[in-house]
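Sequence order for the protein chains is F and Y. Take the first sequence: its letter number 25 is residue 25 in this note's numbering, and every next letter is one higher. Take the second sequence: its letter number 67 is residue 67 in this note's numbering, and every next letter is one higher. Beta carbons are placed, not taken as given, at the ideal position from N, Cα and C, and that holds for glycine. All remarks here apply to the structure that follows.
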Amino acid sequence: DTGVSQDPRHKITKRGQNVTFRCDPISEHNRLYWYRQTLGQGPEFLTYFQNEAQLEKSRLLSDRFSAERPKGSFSTLEIQRTEQGDSAMYLCASSSRVVDGYTFGSGTRLTVV
Amino acid sequence: TQLLEQSPQFLSIQEGENLTVYCNSSSVFSSLQWYRQEPGEGPVLLVTVVTGGEVKKLKRLTFQFGDARKDSSLHITAAQPGDTGLYLCAGGSLTNAGKSTFGDGTTLTVKP
Numbered sequence: 001d002t003g004v005s006q007d008p009r010h011k012i013t014k015r016g017q018n019v020t021f022r023c024d025p026i027s028e029h030n031r032l033y034w035y036r037q038t039l040g041q042g043p044e045f046l047t048y049f050q051n052e053a054q055l056e057k058s059r060l061l062s063d064r065f066s067a068e069r070p071k072g073s074f075s076t077l078e079i080q081r082t083e084q085g086d087s088a089m090y091l092c093a094s095s096s097r098v099v100d101g102y103t104f105g106s107g108t109r110l111t112v113v
Numbered sequence: 001t002q003l004l005e006q007s008p009q010f011l012s013i014q015e016g017e018n019l020t021v022y023c024n025s026s027s028v029f030s031s032l033q034w035y036r037q038e039p040g041e042g043p044v045l046l047v048t049v050v051t052g053g054e055v056k057k058l059k060r061l062t063f064q065f066g067d068a069r070k071d072s073s074l075h076i077t078a079a080q081p082g083d084t085g086l087y088l089c090a091g092g093s094l095t096n097a098g099k100s101t102f103g104d105g106t107t108l109t110v111k112p
């Protein structure tokens with residue numbers, strides 16, 4: 001297992017465009033998380049899946065954000081009508097138990113111009 | 001809302017020096033993790049502590065969980081340039097088993 005994979009690593013998009021990111025977690029991990037991190041800040045929780053069920057979504061997320069995890073395997077995070085404030089590093093993590101901590105991917109750096 | 005405050009925000013030291021960074025909260029956590037993050041990469045898990053008063057050692061790094069499970073410290077002995085990075089603490093909630101809350105980190109620079 002090569003760990004958590006995220007694609008793409010970098011994405012530059014124009015304001016108003018839609019973008020989609022993919023995360024492939026460690027295969028044995030049933031928990032998958034999306035976080036967002038801006039410069040000088042720690043990761044901020046966006047949403048959480050246990051298997052294919054989305055169990056929690058941050059109130060910080062607007063309706064422009066949606067995430068899926070079909071069949072409990074990979075996950076996608078879509079941002080519609082991107083805004084400059086969406087520019088950040090989007091991190092995906094997986095775990096088998098919360099107490100074990102997370103394995104993070106390398107992140108997708110989004111720049112909205 | 002559970003908040004984790006990390007201090008200091010920035011720390012710059014010479015190779016060979018010792019240092020301690022702190023992670024504090026008014027909330028109780030079921031577990032606490034420390035991560036190290038390098039620029040442009042995701043955080044990498046260093047340790048998880050679960051029991052109040054627990055001490056874990058990882059080579060030159062010593063992690064301690066407060067007795068009340070509200071705070072933690074990370075001590076590095078004889079720091080090396082390879083220790084440079086952003087150190088993040090994260091707490092797992094007692095009431096919400098789904099997510100961890102992160103502090104904003106301590107940026108450590110170790111000069112050769």
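- Of the listed residues Tyr35/F, Gln50/F, Glu44/F, Leu110/F, nearest to Glu83/F (C-alpha basis): Leu110/F
- Under 7 Å Cβ-Cβ, which residues of chain Y neighbour Val106/F? Note on residue identity: the sequence assigns Ser, not Val, to residue 106/F. Within 7 Å Cβ-Cβ: Glu41, Gly42.
- Sufficient close CB pairs (3 or more, under 8 Å) joining the region 91–109 of chain F to the region 64–71 of chain F: no
- Message: Quick check: the Cα distance between Tyr87/Y and Leu61/Y, rounded to an integer number of angstroms?
- Response: 12 Å
- Task: Could you spell out where the beta strand (DSSP E) holding Ser73/Y opens and where it closes?
- Result: 71–76
- Message: Using a Cβ-Cβ cutoff of less than 7 Å, which residues in the same chain neighbour Ala14/F once the five nearest sequence positions on both sides are dropped?
- Response: Residue 14/F is actually Lys in this sequence, not Ala. Once the five neighbours on either side are set aside, the close Cβ partners of Lys14/F are Val113.
- Going by C-alpha distance, which of Asp83/Y, Ser27/Y, Gly52/Y is nearest Leu11/Y? Asp83/Y
- Cβ-Cβ distance between Ala79/Y and Glu15/Y below 8 Å: yes
- Query: To the nearest whole angstrom, what separates the beta carbons of Phe45/F and Arg69/F, a pair I think is in contact under 8 Å?
  - Reply: The pair is not a contact, with the Cβ atoms about 16 Å apart (cut-off 8 Å).
- Query: How far does the beta strand (DSSP E) with Gly85/Y in it reach, from first residue to last?
  - Reply: 85–93
- Message: Quick check on Lys71/F: does DSSP put it in helix, strand or coil?
- Response: helix
- Query: Measuring CA to CA, which of Arg59/F, Cys92/F, Gln37/F is closest to Phe74/F?
  - Reply: Cys92/F
- Whole-angstrom C-beta distance between Ser25/Y and Gly91/Y, which should lie under 8 Å: 6 Å
- Query: Would a check of beta-carbon distances place Leu60/F closer than 8 Å to chain Y?
  - Reply: no
- Message: Taking the straight line between their C-alpha atoms, what separation do you get for Arg69/Y and Thr109/Y?
- Response: 28 Å
- Compare the C-beta of Thr40/F against all C-beta atoms of chain Y and say whether one is closer than 8 Å. As written in the sequence, residue 40/F is Gly, which differs from the Thr given in the question. So yes, Gly40/F belongs to the interface.
- Run of the beta strand (DSSP E) containing Thr107/Y, from where it starts to where it stops: 106–111
- Query: Out of curiosity, what's the CA-to-CA distance linking Leu32/F and Phe29/Y?
  - Reply: 20 Å
- Which residues, in chain order, does the region 47–74 of chain F contribute to contact with chain Y at a C-beta distance below 7 Å? Tyr48, Leu55, Glu56
- Could you work out which residues of chain F lie near Gln33/Y, taking near to mean beta carbons separated by less than 8 Å? Gly101, Tyr102
- In this structure, does DSSP put Asp86/F in helix, strand or coil? helix
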